[in-house]
Amino acid sequence: MNNIHNFNEHKKYLLSNQSGIILITTLWVIFIILIIALGLSRKTSVDLAFGKFVFSKVQADYAAQSGIVYALHEIRKDTEDEESTKIDTHFACGVVLKQEQGLESVWDKIAVGNDAKFSVLYNEKNGSSVQKFLGLSDEERKIDINTLRPQDVGVLTFLLTLQGVDEAQARIAAASIIDWKDPDEEVTESPSGAETEYYKTQGYSYLCKNTPFDSVGELKLVRGVTPQIFQKLKNYVTVFPKDGRFQINVNTAGSLVIKAVLMSVVGVSTNTEEADADSLVQKIVEQRNGDDGIWHTADDQVVDEKNISMNAKEKTLFYFLMQYHTPVSRYLRITSEGVAGSRGVTTKITAIVDREDFSTVYWKRE
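Numbering-wise, the sequence shown is residues 257 to 622 according to the numbering used here.
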């Protein structure tokens with residue numbers, strides 16, 4: 257009887273122990289299933305978020321492309337308008353504006369469908385700060401390195417020295433830039449410049465190009481153009497057009513570009529000094545800014561000798577500057593920023609258009 261009793265007790269113990277193991281095992285199984293479910297839920301959430309991002313990115317891409325097409329239409333209207341096409345100012349560049357019409361209505365947050373829009377705008381250094389402006393910018397506000405001649409080496413030299421670059425270093429870079437694009441093997445301002453022989457003897461894997469620059473980035477290949485100097489050049493130079501006479505639009509060019517051009521002739525030959533260039537640049541800027549004195553507003557004016565009070569030395573420099581002035585800009589830069597989705601996914605496309613035939617000479621998507 258005792259044995260039977262002991263067996264029953266042992267059986268109860270085993271059953272109780274097995275129930276505990278089953279319970280623990282069941283709990284672990286449930287826990288693992290929960291972990292897997294949470295993982296799948298998180299993956300699904302990530303996949304959904306990524307899917308929404310991709311969809312918004314596609315929308316932003318198309319919105320940015322729409323901005324380019326839209327801007328081309330505005331440029332065509334400006335080109336065909338008998339009055340508007342005669343001049344380009346910093347405010348009204350490549351666009352016809354109705355009286356008292358602001359740039360916001362033309363270029364800012366233009367809707368494309370239900371959930372996308374584009375703006376046409378650009379960043380530009382104004383004084384010591386970088387500002388964002390609505391509208392188009394022209395390449396003629398910059399110095400075209402492809403149209404500079406050996407006698408124009410001073411323009412690039414002063415563009416650099418006015419930004420704190422050592423004069424000898426600036427002259428090497430400037431002369432070498434001109435040698436890079438001119439067709440001959442004659443060194444500009446020897447020993448500052450650099451033709452094929454220099455690149456051979458210095459062990460470069462390439463030779464002097466001796467044809468026009470195709471991009472501003474190509475400057476990095478040129479003798480003397482260090483990364484620091486490239487940063488000081490890139491926002492103030494252009495490669496369009498690739499031939500022809502050097503010109504700038506004095507209505508749109510910044511004060512640094514204008515002064516660099518003026519400083520290239522300051523000296524004994526013109527009986528002028530840097531102070532004369534400084535005062536003339538200030539007077540030009542003040543006259544261009546209009547009555548409100550603010551750059552890039554509706555009352556911006558074209559440069560007009562009759563509205564600038566100048567002394568004899570300033571007039572000498574002014575007449576020299578106006579030899580290079582083109583009031584109508586041929587190459588217009590469009591920067592279209594497409595935005596889509598609740599999180600504001602963006603795509604930026606930059607194109608440069610030749611308004612003579614409306615061809616696109618540059619295209620970059622970011």
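From the three backbone atoms N, C-alpha and C, an ideal C-beta is built for every residue, glycine too.
Residue burial classification, residue i (beta-carbon count within 10 angstroms, cutoff 16)
i, result
"GLU396", "buried"
"TYR575", "exposed"
"MET578", "exposed"
"VAL609", "buried"
"THR482", "exposed"
"PRO468", "buried"
"GLU561", "exposed"
"ALA516", "buried"
"ASP400", "buried"
"THR457", "exposed"
"GLU286", "For the sequence presented, residue 286 should be read as Ile rather than Glu. Label assigned to ILE286: exposed."
"ALA607", "buried"
"ILE288", "exposed"
"PHE309", "exposed"
Residue i to residue j span [Cα, whole Å]
i, j, result
"PHE486", "LYS388", "22 Å"
"ILE605", "LYS398", "20 Å"
"ALA441", "GLU360", "The question names Ala, yet the displayed sequence has Glu at residue 441. For GLU441 and GLU360, the distance between alpha carbons rounds to 51 Å."
"ALA281", "ALA293", "Checking the sequence, you will find Thr at residue 281 rather than Ala. Between THR281 and ALA293, the C-alpha separation is close to 18 Å."
"PHE414", "HIS552", "26 Å"
"GLY594", "TRP363", "12 Å"
"TRP284", "TRP619", "59 Å"
"GLY500", "ARG479", "24 Å"
"PHE263", "ILE277", "Residue placement at PHE263 is flagged as unreliable, the pLDDT there being 48, under the threshold of 50; a coordinate-derived value is accordingly withheld."
"SER448", "LEU477", "16 Å"
"ILE434", "ALA426", "13 Å"
"GLY473", "TYR378", "19 Å"
"LEU270", "LEU290", "In this predicted model, LEU270 has a pLDDT of only 47, less than 50, meaning its place in the structure is not dependable; the value taken from the coordinates is given anyway. Whole-angstrom Cα-Cα distance: 30 Å."
"ASP438", "PRO406", "9 Å"
"TYR326", "LYS333", "11 Å"
"ALA430", "ILE343", "31 Å"
"LYS365", "GLN321", "14 Å"
"ALA372", "LEU489", "35 Å"
"ASP337", "VAL352", "8 Å"
"ALA533", "GLN419", "16 Å"
"GLY597", "GLY369", "11 Å"
"ALA554", "SER340", "14 Å"
"THR582", "LEU588", "14 Å"
"TYR462", "LEU475", "13 Å"
"CYS464", "ILE428", "15 Å"
"ASP548", "GLY459", "56 Å"
"VAL386", "VAL495", "22 Å"
"GLY546", "GLU453", "52 Å"
Sheet register partners of residue i (DSSP bridge)
i, result
"GLU380", "GLN387"
"ARG621", "ILE605"
"ALA372", "ALA596"
"THR494", "ASP400"
"ASP610", "TYR587, SER615"
"HIS552", "The partner list for HIS552 (beta bridge, DSSP) is empty, contrary to what the question assumes."
"HIS581", "ILE504"
"ASP317", "ASP317 pairs with nothing; no bridge assigned."
"SER393", "ARG589"
"ILE366", "PHE374"
From the options, residue whose alpha carbon lies closest to that of residue i
i, options, result
"SER393", "PHE347, GLN484, SER361", "PHE347"
"VAL443", "VAL409, GLU423, GLN315", "VAL409"
"SER535", "VAL584, LEU512, VAL493", "LEU512"
"VAL537", "ASN507, ARG405, LEU353, ALA554", "ASN507"
"THR572", "GLY307, VAL522, THR452", "VAL522"
"VAL558", "LYS539, THR345, SER565", "THR345"
"TYR580", "ILE564, LEU518, ALA596", "LEU518"
"SER520", "VAL411, VAL368, THR494, ILE401", "VAL411"
"THR526", "ALA568, ARG611, TRP436", "ALA568"
"SER375", "GLY546, LEU353, ASP317, TYR587", "ASP317"
"SER432", "SER322, VAL493, GLU451", "GLU451"
"LYS498", "ALA596, SER471, GLY459, MET566", "SER471"
"GLU445", "VAL617, ASN505, ALA424", "ALA424"
"THR616", "PHE309, ILE331, GLN315, VAL314", "ILE331"
"ASP556", "ALA367, GLU356, ASP337", "GLU356"
"ALA367", "GLN484, LYS539, GLN315", "GLN315"
"SER565", "ASP547, ILE540, PRO583", "ILE540"
"GLU570", "THR528, ARG621, ASN505, ASN466", "THR528"
"GLY307", "THR457, VAL601, ALA607", "VAL601"
"ARG621", "PHE287, GLN458, GLY510, ALA319", "ALA319"
"GLN543", "ALA554, ASN563, ILE401", "ASN563"
"ASN466", "ALA531, ASP422, TRP436", "TRP436"
"TYR492", "PHE502, GLN503, GLN484, ALA509", "ALA509"
"VAL421", "ILE514, GLN484, GLU453, VAL386", "GLN484"
"THR417", "GLU530, GLY546, SER592, TYR454", "GLU530"
Nearest-angstrom beta carbon gap, residue j and residue i [assumed within contact, 8 Å]
i, j, result
"LEU328", "PHE614", "6 Å"
"SER585", "GLY350", "7 Å"
"ILE324", "ILE550", "About 29 Å separates the two Cβ atoms, so there is no contact after all."
"ARG611", "THR335", "5 Å"
"LYS313", "THR603", "7 Å"
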